[in-house]
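Accompanying notes for the structure given below.
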Amino acid sequence: MTDERDVHVADEALAYLEGDLPGPRREVVERHLATCAECRSAFEAVGLARHAIADWPADPPIPHDLATRVLASAGRRRSRGGRRAAELM
Amino acid sequence: MTARPNACWWSTPPQARRGHRWIRPPSRDPCLGEVALNAAATDAELLTAASRGENRAVEELLRRHGGRLHACAWRMLGDADTAVEIVHDVFMRLLAKAHELRDPGTVATWLYTTTLNHCRDHLRRAATRMFRDSAPLHETHPDLAPGPHDRIERSDRDRLVREALDALPEDLRATVTLRFASGLSYGEIAEVQGCAPGTVASRLHRALQRLGETLRAAGLTREAL
């Protein structure tokens, strides 16, 4: 029978780091990590990526006039459609 | 992401129900009438009003989703101005297709899916241009190969992260972007990407592991962040 500590846990890195693993499972993962360099490396990679993403520069603000631009374009489209309909009649 | 269950925003206002005379607010368009567009309106209700030409409905939909769609497009493409154009085009398409949306209750899902499709189209066109334009340059101008100066520029942290993200396959990059830039839940991402929430979790894991390995290979450490 395979000891649970021998089963790799790399796939659980994100759930572990986001605190989504239930307590008993966390303990199993931590016991495995203490002896498995491969899974530790995977956990470190996921942790590094999460840190890098958290450190992303803030989103640039959406331009204040975007709604106006959309509305203007929609208005132009409506008037083109209206003209076409009038021409067809 | 499903439509919020709330009172119809076109229903009789409370003061009218209590017997007060309700003075109808001035109408912008006498043919359409004014509607009580507010934060309680569902996306589907706003879309119905927007497709009838109610400007405030478009403004509210943009206020509600524009920022997160822009963040999504910006992370996918790495260019804020192009992201704005994409959000603009997506909303134009939304207004044009409003009558064809089979289930207007899934407006948000449609918005994210369409934004990602626009981003993919843009990336494909850009890749084609890059291939067409850069291949002859590399062949005919070997002096344009990256030099020490470029390597220094590339050591910039944000740029490394940007490049690592760009190096991810499109579906993984979209999953990361929807989760961390737009803040969607696993369930919402599953709706947008047409997969099971478990697949979202698995994609996120693969994406972050690859991203982390790429950053580590480039010399980035948690201490440097």
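Keeping their order, the protein sequence lines are chains A and B. Positions 2 to 90 (our numbering) are the ones given, in order, by the first sequence. Positions 1140 to 1364 (our numbering) are the ones given, in order, by the second sequence. Quick reminder that beta carbons are idealized off the backbone N, C-alpha and C, glycines included.
Under 7 Å Cβ to Cβ from H65 (chain A), same chain only, skipping five residues before and after it: list those, please. none
My understanding is that V1246 (chain B) touches D1182 (chain B), with C-beta atoms under 8 Å, so please give their C-beta distance in whole angstroms. 4 Å
Under the three-state DSSP convention, the category V10 (chain A) falls into: Looking at V10 (chain A) - three-state DSSP - the assignment turns out to be coil, as it is neither helix nor strand.
The alpha helix (DSSP H) that contains E1199 (chain B), what's its start and end? 1194 to 1216
Considering only the alpha carbon of each residue, which of B:R1301, B:V1331, B:A1219, B:V1300 lies closest to T1314 (chain B)? B:V1331
Do you know whose CA, among B:A1235, B:I1225, B:A1237, lies nearest N1256 (chain B)'s CA? B:I1225
Where do the ends of the alpha helix (DSSP H) carrying D1220 (chain B) lie? Per DSSP, the continuous alpha helix (DSSP H) segment holding D1220 (chain B) begins and ends at 1219 to 1236.
Just tell me which of B:R1195, B:R1191, B:W1213 has its CA closest to the CA of I63 (chain A). B:W1213
Below 8 Å, how does it come out for the region 29 to 47 of chain A and the region 67 to 79 of chain A: are there three or more Cβ pairs, yes or no? no
Report yes or no: is there a C-beta of chain B within less than 8 Å of the C-beta of S80 (chain A)? Chain B contact via Cβ: absent.
Taking the C-alpha atoms as reference points, what is the distance between T1187 (chain B) and A55 (chain A)? Distance between the alpha carbons of T1187 (chain B) and A55 (chain A) is about 37 Å.
Would R1312 (chain B) count as contacting chain A if we go by Cβ distances under 8 Å? no
Can you tell me where the alpha helix (DSSP H) with F1319 (chain B) in it begins and where it stops? From DSSP, F1319 (chain B) is part of no alpha helix (DSSP H); its letter is neither H nor E.
Are the CB atoms of F1230 (chain B) and L1201 (chain B) within a distance shorter than 8 Å? F1230 (chain B) sits close to L1201 (chain B), with the two beta carbons spaced by under 8 Å.
Could you round the C-beta distance between L1347 (chain B) and L15 (chain A) to whole angstroms and report it? I think they count as a contact, below 8 Å. 6 Å
Shorter than 8 Å from the beta carbon of L67 (chain A) to some beta carbon of chain B? Answer yes: the Cβ-Cβ gap between L67 (chain A) and chain B drops below 8 Å somewhere.
Which same chain residues, not among the five before or five after R1301 (chain B), have their C-beta less than 7 Å away from its C-beta? G1217
Shorter than 8 Å from the beta carbon of R1361 (chain B) to some beta carbon of chain A? yes
8 Å Cβ cutoff, H1 (chain A) in contact with chain B: No answer is possible for residue 1 (chain A): the residues shown for chain A start at 2 and end at 90.
May I ask you to list, following chain order, the residues of the region 1228 to 1242 of chain B that have a beta carbon less than 8 Å from some beta carbon of chain A? F1230, M1231, L1234, A1235
Could you check whether the Cβ of P23 (chain A) sits closer than 8 Å to any Cβ belonging to chain B? Using a Cβ-Cβ cut-off of 8 Å, P23 (chain A) does not count as an interface residue toward chain B, since no Cβ of chain B sits closer than that to its own.
For S1369 (chain B), collect the residues of the same chain with a Cβ closer than 8 Å to its Cβ; drop the 5 residues on either side in sequence, then sort them by chain order. Nothing about residue 1369 (chain B) can be reported from this structure: the residues present for chain B run from 1140 to 1364 only.
Mind listing which residues of the region 1186 to 1210 of chain B have their C-beta closer than 8 Å to chain A's C-betas, in chain order? G1192, N1194, V1197, E1198, L1201, R1202, G1205, G1206, H1209, A1210
From the beta carbon of R1135 (chain B), is the nearest beta carbon of chain A less than 8 Å away? With chain B covering 1140 to 1364 only, the question about residue 1135 (chain B) has no answer from this structure.
Under 9 Å by beta carbon: chain B residues contacting A75 (chain A): A1189, G1192, N1194, V1197, F1230, M1231, L1234, A1235
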